[in-house]
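Chemist: Residue numbers (UniProt numbering): 1 to 545. Glycine residues also receive a C-beta, built at the ideal position from the N, C-alpha and C atoms.
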C-alpha cells in the first residue's frame, strides 16, 4: 500500500529564485525504512517539512503530495496529527510537559481520547521501549538519548502510519544514537510504520535502510538500495561519498573487495590482510610538554545550589596551538566544562589559569569565544547578513568568511529559518570573524555533510597557524580522529582518559573509529578512512612489485 506520494513537487520561498525543490517525484510503501541523504542545503529539511502540513513553510509550490491517497492539503489537522509523525533534530524543541508519562499522554489528551484508551496506548509504548525505569521521572533528569526516545514514543502513541525524522541523532552520543536507531528499526519492522529519515551521520541508518533517496540540487538524483548507491559512488565519486559510513568509503576508495560492506561486522568478515607498520605519530610533538594556554585544577560545578555536582574535581589543560577534543556520553559534563571555561557558568570550587595567571571569579576572558551546542543563542537579527556585519567593518574579511562557510545563498534569510547545518555554519562564521585566541566549540559538526567537514578541517588548520587554539566537544568520533592532536574522555563529570589521538583511539573499544575497529588486529594505528585506504593500497602495490 502506498503511504506517501510526492508527485512532481517544486518549492521556493516567495519572491526568491531558484527552486529549493525541483520536480521531486517518489513514493513510499507501507513498512519501508527509507534514508533521505544529500549535502547540506540540498533541500532535505524543506522536503520533510512539506510532507507535514503544520510545519510546511509558506512559499511558491508546484506539484502535489498525497498521504494514503488523499492530497495533503485536504487533510484535517486531526488526520495529519494522527497519521504523520515528525521528530526534530533537537529533542528539547518538542518537549512540552515536565514528566515522562505526561509527555507520552499529551498528544492523546489533545485529541480528546478517553482515559482507558490513553492508559492502554501509553502503557504499550512504554513497555515496547523498556521505559518503565524512568516512566515517572522528570524530563529534565533524562539523558539526551532518553529525551529523544520520549519524543519518538509520544508520537507513536498517536499510532501514525508515517514517521518523518529530521536528523534525530544530531545531538546524541554514539551509544544513544545506536540505541535510537535500533528502536526506530523495531518500530518499522514490528509495527509496520513507514520511516523516512534524514541524516548526516549515516553509520547506523545506512545499513538499516531498504532504500536511499539522494537529494541533489533539489532533485532526486538516486533512488535505490544502499549497496547499489555505494557501487554508483565507486564508479562516479561525488561529494556525498565523504558522508557515507567508513566501510563504504573504504570500499569505494580502494580495490579492497567487490562486495559492498555496509557495517563494521561485514567489513571484518572480508577485510584484507595488511602488514603491521608504523604510520607515525607526530600528534604530541610540541603539545604534550609545551606550555598550557589554559588549565583547570580540581574544578567542581553544579547547576543548583543543592543539586549534584556535574563536574567533579576536573583537572584539565589546553596547550597552545592544539586542537583538543573531548568525547563522552550525553550528561558526562562536557558542555558544562566549556561553559565554566567561557565564564558563562561559575565553578563553586577549583582554580582556572589563563596563560599561567589565575582567573578571578566572575570574569570572562576577552580572547576566548564559545560556539554553543544550540547556536540560536548567538542570533539577534532578522537576516543572516546582519549577524556577520555586526562582527566586523572589514569587507574583505566579511567576503572571505561568507565564501569559507558557504553562506552566499542564505544571507537574506532569517537565521531561525535555516537548516541545522546552515545555522551551525553561520554561528561558526560569526565567531571566526572575532578571531579569538581560544575557540570553544560544542558539537561543531552537527548538521554538516562530509564534504564541508573536509573544508572545515582546513579552516581549523588555518586558524591554528594564525596562533589560535581549539577546545572541541564532539560526538563525531571520525572528525575528532582526523583533526585533534589530543583527546579526552569524560564520564560522570570526570576526565577518565587522555592522550594523543592515536593513543586515545587505539586504546578504546567503543569510543573509536570504524576504521580502527575493522583493522585494529592488523594495525591498531589505523584510525581514519585515509589510513585504511593507504594501508590497503600500499600492501597491494607491494604485492604487484
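Assuming residue 311 and residue 300 make a contact with CB atoms under 8 Å, what is their CB distance in whole Å?
Modeler: Yes, they are in contact, since the Cβ atoms of residue 311 and residue 300 sit about 6 Å apart, within 8 Å.
Chemist: CA-CA distance, residue 490 and residue 210?
Modeler: Each residue's Cα considered, the two are about 36 Å apart.
Chemist: Pull up the CB-CB distance for residue 81 and residue 409, whole angstroms please, since I reckon it's below 8 Å.
Modeler: Not confirmed; about 33 Å, so no contact.
Chemist: Would residue 4 be called buried (16 or more neighbouring beta carbons within 10 Å of its own) or exposed?
Modeler: Its Cβ being crowded by 16 or more others within 10 Å, residue 4 is buried.
Chemist: Please report how far the alpha carbon of residue 375 lies from the alpha carbon of residue 470, in whole angstroms.
Modeler: Near 18 Å, if we compare the C-alpha coordinates of residue 470 and residue 375.
Chemist: Tell me the rounded alpha-carbon separation between residue 406 and residue 428.
Modeler: Roughly 11 Å between the two C-alpha positions.
Chemist: I need the straight-line Cα distance from residue 386 to residue 404, nearest angstrom please.
Modeler: Approximately 17 Å between the Cα atoms of the pair.
Chemist: Helix, strand or coil for residue 411 per DSSP?
Modeler: Coil.
Chemist: If you reduce the DSSP assignment to three classes, tell me which class residue 358 lands in.
Modeler: The answer is strand: DSSP assigns residue 358 an E or B state.
Chemist: Determine the direct distance from the alpha carbon of residue 243 to that of residue 21, and round the result to whole angstroms.
Modeler: Distance between the alpha carbons of residue 21 and residue 243 is about 21 Å.
Chemist: Just to confirm the assignment, what range does the alpha helix (DSSP H) spanning residue 465 have?
Modeler: 450-465 is the extent of the alpha helix (DSSP H) around residue 465.
Chemist: Return the chain-ordered list of same chain residues with a C-beta closer than 6 Å to the C-beta of residue 423, the five sequence neighbours on each side being excluded.
Modeler: Result list for residue 423: 375, in chain order.
Chemist: Can you look up residue 472 in the DSSP assignment and give me helix, strand or coil?
Modeler: The answer is strand: DSSP assigns residue 472 an E or B state.
Chemist: How many angstroms separate the CA atom of residue 464 from the CA atom of residue 501?
Modeler: Approximately 17 Å between the Cα atoms of the pair.
Chemist: For residue 247, which option in 337, 478, 506, 525 has the closest C-alpha, if you only look at C-alpha atoms?
Modeler: Nearest of 337, 478, 506, 525 to residue 247, Cα basis: 478.
Chemist: If you drop the 5 nearest sequence neighbours on each side, which residues of the same chain put their C-beta closer than 8 Å to that of residue 381?
Modeler: Same-chain partners within the cutoff: 387, 390, 415.
Chemist: CB-CB under 7 Å to residue 204, same chain, minus the five flanking residues each way: which ones, in chain order?
Modeler: Here the set comprises 177, 178, 181.
Chemist: Using only alpha-carbon positions, find the residue among 321, 92, 316 that is nearest to residue 340.
Modeler: Per the Cα distances, 316.
Chemist: Buried or exposed: residue 496, going by 16 or more other Cβ atoms within 10 Å of its Cβ?
Modeler: Per the 10 Å Cβ criterion, exposed.
Chemist: Between 168, 158, 127, 125, which has its C-alpha nearest residue 144's C-alpha?
Modeler: The option with the nearest alpha carbon to residue 144 is 168.
Chemist: Expressed to the nearest angstrom, what Euclidean distance is found between the alpha-carbon atoms of residue 147 and residue 92?
Modeler: So the two alpha carbons sit approximately 8 Å from each other.
Chemist: Under the rule that 16 or more other beta-carbon atoms within 10 Å means buried, what is residue 131, buried or exposed?
Modeler: Buried, because 16 or more other Cβ atoms sit within 10 Å of the Cβ of residue 131.
Chemist: Please state the DSSP three-state secondary structure of residue 380.
Modeler: Reduced to three states, the DSSP call for residue 380 is coil.
Chemist: Between the stretch 432-444 and the stretch 57-65, are three or more C-beta pairs nearer than 8 Å?
Modeler: Taking 8 Å as the limit for Cβ pairs, the verdict is that the stretch 57-65 does not touch the stretch 432-444.
Chemist: Does the beta-carbon of residue 369 have 16 or more other beta-carbons within 10 angstroms, so that it is buried, or is it exposed?
Modeler: Counting Cβ neighbours within 10 Å, residue 369 comes out buried, since at least 16 surround it.
Chemist: Sort 493, 149, 400 by Cα distance to residue 308 and report the nearest one.
Modeler: When each option's Cα is compared against that of residue 308, the closest is 493.
Chemist: Find out if the Cβ-Cβ distance for the pair residue 546, residue 268 is shorter than 7 Å.
Modeler: Examination of residue 546 is not possible in this model, given that the chain is present from 1 through 545 alone.
Chemist: Identify, in the order they occur along the chain, each residue of the same chain with its Cβ nearer than 7 Å to the Cβ of residue 325, setting aside the five sequence neighbours on each side.
Modeler: Correct list, in chain order: 472, 474, 480, 484, 487.
Chemist: For residue 202, which option in 222, 17, 476 has the closest C-alpha, if you only look at C-alpha atoms?
Modeler: Out of 222, 17, 476, 476 has the C-alpha closest to the C-alpha of residue 202.
Chemist: In chain order, what residues of the same chain have a beta carbon less than 8 Å from the beta carbon of residue 285, not counting five sequence neighbours either side?
Modeler: Summary for residue 285: the model assigns pLDDT 45, below 50, so the residue's position carries little reliability; its value from the coordinates is reported in the next sentence. No residues qualify anywhere along the chain.
Chemist: Starting from residue 154 and walking both ways along the alpha helix (DSSP H), at which residues does that stretch end?
Modeler: Here the alpha helix (DSSP H) through residue 154 covers 144-156.
Chemist: Leaving out five residues on either side along the sequence, give the residues of the same chain with a beta carbon under 6 Å from the beta carbon of residue 233.
Modeler: Answer for residue 233: 241, 252, listed in chain order.
Chemist: Any chance you could list the alpha helix (DSSP H) runs of at least 4 consecutive residues sitting entirely within the stretch 32-61, in chain order?
Modeler: Counting whole runs of 4 or more residues, the stretch 32-61 contains the alpha helix (DSSP H) stretches 44-50.
Chemist: Give the secondary structure of residue 477 by DSSP, where H, G and I count as helix, E and B as strand, and everything else as coil.
Modeler: Here residue 477 sits in helix by DSSP.
Chemist: DSSP state of residue 11, grouped into three classes?
Modeler: The answer is strand: DSSP assigns residue 11 an E or B state.
Chemist: Helix, strand or coil: how does DSSP classify residue 317 here?
Modeler: Residue 317: strand per DSSP, three-state reduction.
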